[in-house]
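Let me begin by presenting the structure, written as structure tokens, before commenting on it.
Residue numbers (the working numbering): 6 to 478.
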């Protein structure tokens, strides 16, 4: 693996580390300020907005990344075709989900007004991601790193300026403004770097692009449903207040998952370049990606288990009962976090090289498991039940991805890597859960966590794999 690729990966991580932690703290403060119930309603509406984003994107992000990686000189034709489709899909998604929101009960103010604005916000983020695909496809990862942090940076600036008297209405407005500004900036940069868009797309190319995008689109849509369905069901079946408590924990799962959104597009572009041919470079890249995806998330999951209250310290207005509920939910979310870290590299490869239909069928199976589990567990355990349902769905498609990789990939499943990482997760996270019952200060647990992780990595022989990946860069 080239040193340039690893250096760009590091730059991408640093850029996001400058904005994402600040945003996480601000998001906690926002929920503390506007209340669990208002935030729970906003969270459910953002879920609908994410579904709309999947329609507005319709696989364009993945298609542009892949085609720019393969044929960057086709930018003019590609941009004309994909942007024309995106404009039509965005309008369709906005109208469709406005109607869906009305039908499922978001008819009164402020819910309906927030629905319209948050749909606009989420669709604007899909444009930001769409424009970033051009940079990722040409492996201009440093520019992409800037745009990966831009939207949250703008939003943080607005929050500083308008924090005094912040209300739920004002917060929704600031979300929209930051999304539109960041997407517009990315679009202008693409125009300056790659040239103007030719607004003469041919119908045959439009249809072919739509046909090519459909597997990506359906997989993205089903993935969005799986990620958000338990939140919407929790808000509709149990209540906005309970969904707000769920979000108090979920934002930390989402933040940890954001790490994968930062690094996996780089591996997606790399796999698209390497293709389906067996090669030592493909094997080394896959092993490196396995370690890069799993190790940080396993480490974070252990802290979720040992010190969940650490992540909730800004909820100064919450009762002890509310904090206990959010803590239990966050501990449960260690399960989906670990599973996603272990298995996401398999789905990244499969989708990057054209096996989208396989991935789609596996995601449909996961969604089915998620909904059925929610129907059973939400009435019993509410927030914790929603977290368990999400974990079960991740387990279903994770095992499925490994099976599919075994069937179609040109390289074998790295069982040694997978089993060592799984053993590391079991030993480390089990030990961290045990630590949570020890009568020791939080500071001691936090000091012990990386030491214990390093010890578990030595026990499970992770270090030889790490050295192998570095030695063959």
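The C-beta atom is built at its ideal place from N, Cα and C for all residues, glycine as well.
Owing to the predicted nature of the structure, the values given are computational and were not obtained by experimental measurement.
For residue i, three-class secondary structure by DSSP
i, result
"residue 146", "helix"
"residue 477", "For residue 477, the predicted structure reports a pLDDT of 49, less than 50, and the residue's modelled location is therefore unreliable. A value from the coordinates is still provided. Of the three classes helix, strand and coil, the one that applies to residue 477 here is coil, per DSSP."
"residue 44", "helix"
"residue 281", "coil"
"residue 172", "coil"
"residue 368", "helix"
"residue 63", "coil"
"residue 234", "helix"
"residue 137", "helix"
"residue 322", "coil"
"residue 218", "helix"
"residue 74", "helix"
"residue 270", "helix"
"residue 199", "helix"
"residue 376", "helix"
"residue 110", "coil"
"residue 304", "helix"
"residue 25", "helix"
"residue 178", "helix"
"residue 240", "helix"
"residue 69", "helix"
"residue 358", "coil"
"residue 341", "helix"
"residue 286", "helix"
"residue 115", "coil"
Residue of the options minimising C-alpha distance to residue i
i, options, result
"residue 275", "134, 140, 381", "140"
"residue 107", "96, 472, 121", "121"
"residue 135", "62, 437, 314", "62"
"residue 160", "148, 149, 175", "175"
"residue 164", "150, 183, 148", "183"
"residue 327", "34, 41, 30", "41"
"residue 65", "99, 132, 105", "132"
"residue 190", "152, 240, 424", "152"
"residue 322", "37, 25, 27", "37"
"residue 35", "399, 252, 102", "252"
"residue 430", "458, 414, 440", "458"
"residue 315", "254, 266, 324, 291", "254"
"residue 363", "267, 351, 374", "351"
"residue 81", "196, 216, 456", "196"
"residue 269", "250, 295, 244", "295"
"residue 4", "192, 284, 385, 216", "Residue numbering for the chain in the displayed model covers 6 to 478; residue 4 lies beyond these limits and cannot be assessed."
"residue 385", "239, 75, 26, 74", "239"
"residue 279", "43, 75, 57", "75"
"residue 156", "146, 127, 144", "127"
"residue 472", "349, 393, 293, 347", "293"
"residue 410", "367, 397, 441, 446", "367"
"residue 58", "400, 282, 233, 73", "233"
"residue 420", "387, 359, 347", "347"
heavy atom of the ligand MN below 6 Å from residue i C-beta
i, result
"residue 440", "What this structure holds is no ligand at all, so the ligand MN is not there to describe."
Anticipated Cβ contact below 8 Å, residue i with residue j, distance rounded
i, j, result
"residue 125", "residue 181", "6 Å"
"residue 391", "residue 235", "4 Å"
"residue 242", "residue 383", "6 Å"
"residue 237", "residue 395", "So it is not a contact: roughly 13 Å between Cβ atoms."
"residue 129", "residue 185", "5 Å"
"residue 172", "residue 39", "7 Å"
"residue 119", "residue 50", "5 Å"
"residue 372", "residue 227", "6 Å"
"residue 389", "residue 333", "5 Å"
"residue 416", "residue 272", "That pair is no contact at about 14 Å."
"residue 317", "residue 331", "5 Å"
"residue 401", "residue 370", "6 Å"
"residue 56", "residue 102", "6 Å"
"residue 277", "residue 71", "5 Å"
Residue i at chain C interface by Cβ criterion, 7 Å
i, result
"residue 165", "No chain C is part of this structure, which consists of one protein chain only."
Please confirm if the stretch 430 to 439 is in contact with the stretch 353 to 369, defined as three or more CB-CB distances below 8 Å between the two stretches.
no
Count the CB pairs spanning the stretch 406 to 421 and the stretch 375 to 388 that are closer than 8 Å, and state whether there are at least three.
no
Three CB pairs or more closer than 8 Å across the stretch 332 to 351 and the stretch 256 to 275:
yes
Contact between the stretch 165 to 172 and the stretch 101 to 116: three or more CB pairs below 8 Å?
no
Is the stretch 308 to 325 in contact with the stretch 436 to 454, if contact means three or more CB pairs nearer than 8 Å?
In this structure the stretch 308 to 325 lies against the stretch 436 to 454, because at least three pairs of beta carbons, one per stretch, are closer than 8 Å.
Quick test of the definition: if touching needs 3 or more C-beta pairs under 8 Å, does the stretch 416 to 431 touch the stretch 453 to 469?
yes
Taking only runs that begin and end inside the stretch 386 to 473, name each unbroken alpha helix (DSSP H) of 4 or more residues, in chain order.
420 to 440, 447 to 464
Taking 8 Å as the cut-off, does the stretch 288 to 304 touch the stretch 90 to 102 (at least 3 CB pairs, one atom from each stretch)?
Short answer: they don't touch.
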